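For the sequence shown, counting from 1, position 314 maps to 314 in the working numbering; every step adds exactly one.
Notes follow the structure.
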Amino acid sequence: MSARHDVAIVGGGAVGLHLACLLAQRGVDVVVLERRTEPSHLSRAIGIHAPGLAALDAAGVGDAVRAAAIRIRSGVALSRGRLLARLPFEHEPILALQQHRTEALLRERLAALAPGALRQGVELVGLASGADDVELAARGTSPVRARWAVGADGVRSTTRALLGIPTGARPGSGGYAMADAPDATGAAATALLHLEPAGIVESFPMPGGQRRWVARLAAPEPGMTTEGLQRILDERLLAPPRLPPLAPTSAFVARQRLADRFALGRVALVGDAAHEVSPIGGQGMSLGWLDALALDRALAAALDGSGEAGAPFAAYERARRPAAERAMRRAWWNMAMGSPASAPRLALRLALVRTLAVPPGRTAVTAAFTMRGL
Ligand SMILES: Cc1cc2nc3c(=O)[nH]c(=O)nc-3n(C[C@H](O)[C@H](O)[C@H](O)COP(=O)(O)OP(=O)(O)OC[C@H]3O[C@@H](n4cnc5c(N)ncnc54)[C@H](O)[C@@H]3O)c2cc1C
């Protein structure tokens, strides 16, 4: 049996790595069990909101992320090429950086703080919580023991399943297709939202002169091809982008689920393991980093014995569950505004967008886009 760690984190994704950096900075003996042997390059998050960036600063990687990312300084809503609204994010720009690059910076930081803490190719398969510690059975290594454990293992969390914690569906689901292409819009620091009858088309600048195009579908289409997405963009936009023939194109179904509880005994859940927030609005990863800040404090108190007796994660859950619920309500709103609509319904929506684009509505909408209050 191996030595007992202070904290074992299951999952070395964006949130597990961030939490590990926070703990390692405190001198906590932390180990991260990650089932992948190689980093994932799947196209996922790009947007990093100001509160998420502050959380990265707390882990010592904010400056490295700033240096690699580009800034999205405004959002523009259009319909049939007509400007409906412009939201400036000048004071709180949203950064854009591919998730795999952010994760690489977090891995580098963790390796500097705690060499060897990340153990790749190790998959959690069993969990036994005792009075003083937790034993984690894992494929790829002998059992790992820790005083506290954290499930940061994503939407299909094995940790959550082993704890028997159910998740409940929340409103907001829809099919989307996306691809990245060279940015020829001439709007390199602007997110563009095209509200069209067949469904919204959103596009976001990315580093390297690229832009991500995301289209709402009438129904999920798992086998979406680049040609299929190009057809949709051609039909909906006056000046559609040219997707390169081999542009990796993916289709996904956005949905929202919340775990019934965020902790059980000596084990807490964090990030997507606790809440699956729709990617539309792009806030899941930053939300996870804000969870990690709160969980870092809870774990520090649990380790030094100053936490709430018998309920070490109660304050963590009290703070973070409402934040996840707020993020889900915002994402639901974003998805509803972008769904396919009849002409009268779309006209109502466009009128609403115009109204919300001027104060006082603008303050609330900007807060929602920039994750203020989460
Ligand atoms: C298309 C798309 C676009 C998005 N855009 C944005 C955006 O712009 N901004 C934003 O904030 N969010 C966005 N999100 C959401 C964001 O990607 C997630 O919220 C984020 O990845 C959550 O991080 P996590 O570490 O909690 O989970 P994950 O990133 O899923 O990491 C979980 C890790 O756990 C590992 N693991 C799983 N099971 C085990 C096991 N049994 N044992 C060991 N390891 C295990 C996995 O290999 C993985 O590395 C987007 C998501 C999608 C799908």
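Cβ atoms here follow ideal geometry from the backbone N, Cα and C, with glycine treated the same way.
Computed from a prediction, not measured in an experiment: that's the story for all the values here.
Exercise for the section: Could you check if R80 is buried or exposed, using at least 16 other CB atoms within 10 Å of its CB as the buried criterion? Expected result: As a first step, residue 80 must be located in the sequence shown, where it is residue number 80. The residue in question, R80, is exposed, as its Cβ has fewer than 16 Cβ neighbours within 10 Å.
Problem - When A114, S278, S342, S306 are compared against V32, the one with the closest alpha-carbon - result: Position 32 of the sequence shown holds residue 32. For V32, the closest alpha carbon among the candidates A114, S278, S342, S306 is that of A114.
Practice task
With M335 as the anchor, note down where its alpha helix (DSSP H) starts and where it stops.
Solution key: For this step, residue 335 is matched to residue 335 along the sequence shown. Counting along the chain, the alpha helix (DSSP H) containing M335 begins and ends at 314–337.
Handout entry: Within 9 angstroms, strictly: CB atoms of R4 and A177
Key = Within the sequence shown, residue 4 is the residue found at index 4, counting from 1. Within the sequence shown, residue 177 is the residue found at index 177, counting from 1. No, Cβ-Cβ distance for R4 and A177 is not below 9 angstroms.
Problem - Secondary structure, alpha helix (DSSP H): runs of 4+ residues fully inside the region 61–94 - result: 62–68
Exercise for the section: Give the C-beta separation of A152 and V270 to the nearest angstrom, bearing in mind that I take them to be a contact with Cβ-Cβ under 8 angstroms. Expected result: Working through the sequence shown from its first residue, we reach residue 152 at position 152. Working through the sequence shown from its first residue, we reach residue 270 at position 270. Contact holds; Cβ gap of about 5 angstroms.
Handout entry: Through-space distance from P205 to P228, alpha-carbon basis
Key = Here the question's residue 228 lines up with position 228 in the sequence shown. Here the question's residue 205 lines up with position 205 in the sequence shown. Looking at the sequence shown, residue 228 is not Pro but Gly. The straight-line gap from Cα to Cα measures roughly 22 angstroms.
Handout entry: I165 in three-state terms, based on DSSP
Key = The sequence position of residue 165 within the sequence shown is 165, counting from 1. Coil at I165, not helix or strand.
Problem - Buried or exposed by the 16-neighbour rule on C-beta atoms within 10 Å, applied to T355 - result: On the sequence shown, position 355 is the one that residue 355 refers to. It is exposed - the Cβ of T355 has fewer than 16 other Cβ atoms within 10 Å.
Problem - Rounded straight-line distance, which links the Cα of W333 to that of A67 - result: Reading the sequence shown from its first residue, position 67 is the one you call residue 67. Reading the sequence shown from its first residue, position 333 is the one you call residue 333. Near 32 angstroms, if we compare the C-alpha coordinates of W333 and A67.
Problem - Member of R297, S43, G121, I72 whose CA lies at the smallest distance from the CA of R101 - result: Reading the sequence shown from its first residue, position 101 is the one you call residue 101. It is S43 whose Cα lies nearest to the Cα of R101.
Handout entry: Cβ-Cβ separation, A24 to V30 (assumed contact under 8 angstroms), whole Å
Key = Here residue 30 refers to the residue found at position 30 of the sequence shown. Here residue 24 refers to the residue found at position 24 of the sequence shown. Right, the Cβ-Cβ distance comes to about 6 angstroms (below 8 angstroms), so this counts as a contact.
Problem - Through-space distance from T185 to A117, alpha-carbon basis - result: Position 117 of the sequence shown, counted from the first residue, corresponds to residue 117. Position 185 of the sequence shown, counted from the first residue, corresponds to residue 185. Answer to the nearest angstrom: the Cα atoms are 43 angstroms apart.
Practice task
Would you check whether ligand 1 has a heavy atom nearer than 8 angstroms to the C-beta of R156?
Solution key: Your numbering for residue 156 matches position 156 in the sequence shown. Under cutoff, so the answer is yes.
Problem - Proximal residues to G154 (C-beta, below 8 angstroms), its chain only, five neighbours per side dropped - result: The residue labelled residue 154 in the question sits at position 154 within the sequence shown. Contacts found: G11, G13, G271, D272, A273.
Handout entry: Counterpart residues of M206 in DSSP-defined beta bridges
Key = Along the sequence shown, read from residue 1 onward, the residue named residue 206 stands at position 206. M206 pairs with Q210.
Handout entry: Beta-carbon proximity of A58 to A149, cut-off 9 angstroms
Key = Stepping through the sequence shown from its first residue, residue 58 is reached at position 58. Stepping through the sequence shown from its first residue, residue 149 is reached at position 149. Not closer than 9 angstroms, so no.
Handout entry: ligand 1 heavy atom lying under 8 angstroms from the CB of Q210
Key = Within the sequence shown, numbered from 1, the residue matching residue 210 stands at position 210. Outside the cutoff, so no.
Exercise for the section: May I ask you to verify whether the region 88–96 touches the region 36–50, counting CB pairs closer than 8 angstroms and requiring at least 3? Expected result: Contact between the region 88–96 and the region 36–50 is present: three or more C-beta pairs spanning the two stretches fall below 8 angstroms.
Exercise for the section: Specify whether the region 330–345 and the region 165–176 touch according to this definition: at least 3 beta carbon pairs, one from each stretch, less than 8 angstroms apart. Expected result: yes
Handout entry: Residue environment, T37, which counts as buried when at least 16 other CB atoms sit within 10 Å
Key = Counted from its first residue, the sequence shown places residue 37 at position 37. Its Cβ having fewer than 16 others within 10 Å, T37 is exposed.
Practice task
Please find out if some non-hydrogen atom of ligand 1 comes closer than 8 angstroms to the beta-carbon of M285.
Solution key: Translated into positions along the sequence shown, residue 285 becomes position 285. Yes, the Cβ of M285 comes within 8 angstroms of a heavy atom of ligand 1.
Handout entry: R160 versus P166: straight-line alpha-carbon distance, rounded
Key = Locating residue 160 in the sequence shown gives position 160, counting from the first residue. Locating residue 166 in the sequence shown gives position 166, counting from the first residue. One C-alpha to the other measures close to 8 angstroms.
Practice task
For R212, count neighbouring Cβ atoms within 10 angstroms of its own Cβ and tell me buried if that reaches 16, exposed if not.
Solution key: Translated into the one-based positions of the sequence shown, residue 212 becomes position 212. Buried: at least 16 other Cβ atoms inside 10 Å.
Exercise for the section: Would you tell me roughly how many angstroms separate the C-alpha atoms of D63 and R109, rounded to the nearest one? Expected result: Along the sequence shown, one-based indexing puts residue 63 at 63. Along the sequence shown, one-based indexing puts residue 109 at 109. Taking the straight line from one Cα to the other gives about 12 angstroms.
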